[in-house]
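Per this note's numbering, residue 222 is the first one in the sequence shown, and the count goes up by one each step. Backbone N, C-alpha and C define an ideal beta-carbon position, used for all residues, glycine too. Accompanying notes for the structure given below.
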Amino acid sequence: MTRTATPAMLTAPTLPQALGNGINAHAAAQLQVDIAPYPGMEEGDLIELFWNNCFAASRRVTACRIGQPTHLRIPQSFVLDGPARVHYQVMQIGHGPARSATTQVRVKTDCPGGQPPALYSDENQNLAPVGLPEPIRRQGVNSRQVQRGIPLTIEPYPNMSSGDEITLRWGDVRVDLPAITAKGVGLAVQVWVPSSVIVEGGDDCRLEVTYCVLDRVGNNSRWAPTRTLRIAPLLPTRPATATPVYQPRPLG
222 MTRTATPAML TAPTLPQALG NGINAHAAAQ LQVDIAPYPG MEEGDLIELF WNNCFAASRR
282 VTACRIGQPT HLRIPQSFVL DGPARVHYQV MQIGHGPARS ATTQVRVKTD CPGGQPPALY
342 SDENQNLAPV GLPEPIRRQG VNSRQVQRGI PLTIEPYPNM SSGDEITLRW GDVRVDLPAI
402 TAKGVGLAVQ VWVPSSVIVE GGDDCRLEVT YCVLDRVGNN SRWAPTRTLR IAPLLPTRPA
462 TATPVYQPRP LG
């Protein structure tokens with residue numbers, strides 16, 4: 222009885238634009254897949270790429286490409302939100318198709334805050350400005366608050382997800398907040414701006430406060446509309462007054 226040897230499984234393809242195993246909106250527009258050279262690579266081999274088991278692209282190996290990586294692109298129409306499995310197979314004359322191992326990725330093209338209007342290049346009007354207590358919004362941050370710190374709120378935003386990372390910008394100072402947890406999705410983010418950040422930002426009659434969000438696959442929300450605040454100067458602390466020591470008058 223004749224036995225046909227089963228070809229060894231080829232190395233899984235790689236996606237250089239993936240962040241971890243995630244594909245963001247920017248990468249999805251021109252998604253590249255790299256295929257490493259494989260044993261027995263020959264001129265005339267046909268490499269076929271599959272996305273979720275659907276044929277997506279192919280390339281025939283030429284003499285000058287033997288021993289070199291093969292780069293293929295996935296059509297944007299294939300790259301839909303959700304999990305995806307990517308593999309390829311090699312067709313050689315006189316051999317059955319050799320299949321690769323599978324690479325699994327997750328596509329996420331919905332940006333935090335939703336897609337900003339085209340009119341605003343650096344700002345996302347879908348994000349609410351930072352929330353502040355009414356007295357601070359009207360009168361600014363006074364010297365005592367500079368010394369103590371102030372509360373601040375970031376409202377829930379469209380496409381809020383676990384793993385989102387928020388960067389607060391206080392003047393020229395940037396503060397990275399803890400990542401959003403699964404329990405925190407859909408809830409306002411409560412922030413305490415410490416005195417050290419306020420002092421570093423400096424006293425200013427029109428200091429700008431805003432934030433942006435980066436999700437777990439690298440989609441960026443752009444900046445929220447700014448909130449302008451008046452920041453009072455930090456009053457110098459008074460030196461401690463020495464306690465007088467009783468000294469008895471000398472006798473005589």
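Hey, could you find the ends of the alpha helix (DSSP H) residue i is sitting in?
i	result
Ile357	Glu355 to Gln360
Gly303	Looking at the DSSP string, Gly303 is not in any alpha helix (DSSP H); the run it does join, the beta strand (DSSP E), is Gly303 to Met312.
Arg443	Here Arg443 belongs to no alpha helix (DSSP H), and DSSP marks it neither H nor E.
Gln289	First-last for Gln289: undefined, no H or E at that position.
Val367	Ser364 to Arg369
Val418	Ser416 to Gly422
Looking at the strands, I want to know which residues DSSP matches up with residue i.
i	result
Gly384	Looking at the DSSP assignment, Gly384 forms no beta bridge with any residue, so it has no partner.
Gln411	Thr374
Ala278	Leu270
Cys433	Thr388
Val328	Ile244 and Gly303
Leu231	Ser321
Pro450	Rather than Pro, the amino acid found at residue 450 in this sequence is Leu. Bridge partners of Leu450: Leu428.
So, helix, strand or coil for residue i, using DSSP?
i	result
Ser321	strand
Glu344	strand
Ile256	strand
Ile401	coil
Gly261	coil
Val351	coil
Thr225	Any reading at Thr225 is ruled out, since the residue's pLDDT is 44, under 50, leaving its predicted position unreliable.
Gln251	coil
Ala284	helix
Looking at the secondary structure, which residues open and close the beta strand (DSSP E) in which residue i lies?
i	result
His316	Element bounds for His316: n/a, residue is neither H nor E.
Val396	Val394 to Asp397
Gln297	Careful: Gln297 lies outside any beta strand (DSSP E) and carries neither H nor E.
Are residue i and residue j touching if we call contact CB-CB under 7 Å?
i	j	result
Tyr378	Gly334	yes
Glu386	Ala400	yes
Thr402	Ser382	no
Glu269	Gln313	no
Val414	Ile371	yes
Gly361	Val394	no
His292	Gln346	no
Thr330	Ala249	yes
Ala322	Ala233	yes
Val326	Asp302	no
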